[in-house]
Every structure is written in structure tokens, then in C-alpha cells.
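**Q**
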Amino acid sequence: MLVELKINGKKHKIDIEPDEFLVDTLRKVGNLSVKRGCDTGCCGLCSIWIDKKPTLSCATLTVRALNKEITTIEGLEKESDEFARILIAEGAEQCGFCSPGFIITVLAMKNELENPSEEEIKHYLTGNLCRCTGYMGQLRAIKTYMGVK
Numbered sequence: 001m002l003v004e005l006k007i008n009g010k011k012h013k014i015d016i017e018p019d020e021f022l023v024d025t026l027r028k029v030g031n032l033s034v035k036r037g038c039d040t041g042c043c044g045l046c047s048i049w050i051d052k053k054p055t056l057s058c059a060t061l062t063v064r065a066l067n068k069e070i071t072t073i074e075g076l077e078k079e080s081d082e083f084a085r086i087l088i089a090e091g092a093e094q095c096g097f098c099s100p101g102f103i104i105t106v107l108a109m110k111n112e113l114e115n116p117s118e119e120e121i122k123h124y125l126t127g128n129l130c131r132c133t134g135y136m137g138q139l140r141a142i143k144t145y146m147g148v149k
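The opening residue of the sequence shown carries number 1 in full-length UniProt numbering; numbering runs sequentially from there.
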């Protein structure tokens, strides 16, 4: 079935299956930052924004995103670069496999929460898994980015 999706501000006509998940559709049109990890909505690798809200694309049918604004990390280059530099400065960069989903979630958190506590940050990030770190460097980077003391 031919559908039109707005991805990172551009309209795309895409032929999809009725039961196709958004992660597969996004990868099909070249958004390779969106990764398939667990297929259960538990790891955060497939995180994107739909209408500026973090969403797990592996658990979202493509047809549910019709007439909505879909944003991947490719559409947030400036914002993601700023946070990535802080991650590096805090020594929190690792292999990078989880970075796109993690960063897009942090950017959404900055838009939604003002001066969050450490517990609020941890709660917001529930479901974003990183196999390389103990999360302390990432937590320091988030606090710096969010301006939290």
C-alpha cells in the first residue's frame, strides 16, 4: 500500500505492508540510525519522535504515523551534535551503537523537563540500554547538558 510520510520535514511516498513496523519503513528510506535491537520495545535503539514525543519505532505500525511528523536523529543534527560533544567531554562515549536512540531520548527530555532531579532523569531514560557503560558518564553528560547541578 502506498502511503505518504513526513520524515525529518520531508514528504516521502513509500510502499509498505499493512503490518509493517515503522523501524523497517524508516530504514527502507535511508534512516539507518534507527536500529532494530530487541523487537520488544525494551532497548531504545529504535527511538524516534512522533510529533516531538519519543516513540519506539519497533512497536509502532507505520500506518499509525500517517499525518504525523516523524523525526529521527538525522533530522536533529545540530541538537544531537551539541549533546554528543558533551558526552565526549564527560568520557561517556562508547561503541556508539545505542547513541542515536539514547541521544534522541535525551533531546526529548530536555524539551519536556525543566531542571529534572537525578531520579527523574533515570526514570525518563528507562528502556534505553547501553551494553558498554555503567551509565555514570552518561548521567554526568545529561546533567551538564540540562544545566542540572
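C-beta: ideal position from N, C-alpha, C; glycine also.
1. To the nearest angstrom, report how far apart K13 and D19 are at their CA atoms.
2. Would you give the residue range spanned by the alpha helix (DSSP H) that K143 belongs to?
3. Going by DSSP, what residue range makes up the beta strand (DSSP E) through I7?
4. Give me the Cα-Cα distance between S99 and D15, rounded to the nearest whole angstrom.
5. Taking the Cβ atom as the reference point for each residue, do I70 and I50 lie within a distance shorter than 7 Å?
6. Using CA atoms only, rank isn't needed, just tell me which of E112, S57, C42, L129 is closest to I7.
7. By the 10 Å Cβ neighbour count, where 16 or more other Cβ atoms means buried, how is I103 classified, buried or exposed?
8. Do G127 and C42 have their CB atoms nearer than 7 Å?
9. When you compare each of G134, K149, I48, M1 to L32 by their alpha carbons, which one comes out closest?
10. Let me confirm a value: L66 is counted as buried when at least 16 other C-beta atoms fall within 10 Å, else exposed. Which label applies?
11. Any chance you could list the alpha helix (DSSP H) runs of at least 4 consecutive residues sitting entirely within the stretch 93-121, in chain order?
12. Mind checking who F21 pairs with in its DSSP beta bridge?
13. For S117, count the other beta carbons within 10 Å of its own beta carbon; 16 or more makes it buried, fewer makes it exposed. Which is it?
**A** Once the coordinates are examined:
1. 17 Å
2. 136-146
3. 2-7
4. 29 Å
5. yes
6. S57
7. buried
8. yes
9. I48
10. exposed
11. 99-112
12. L61
13. exposed
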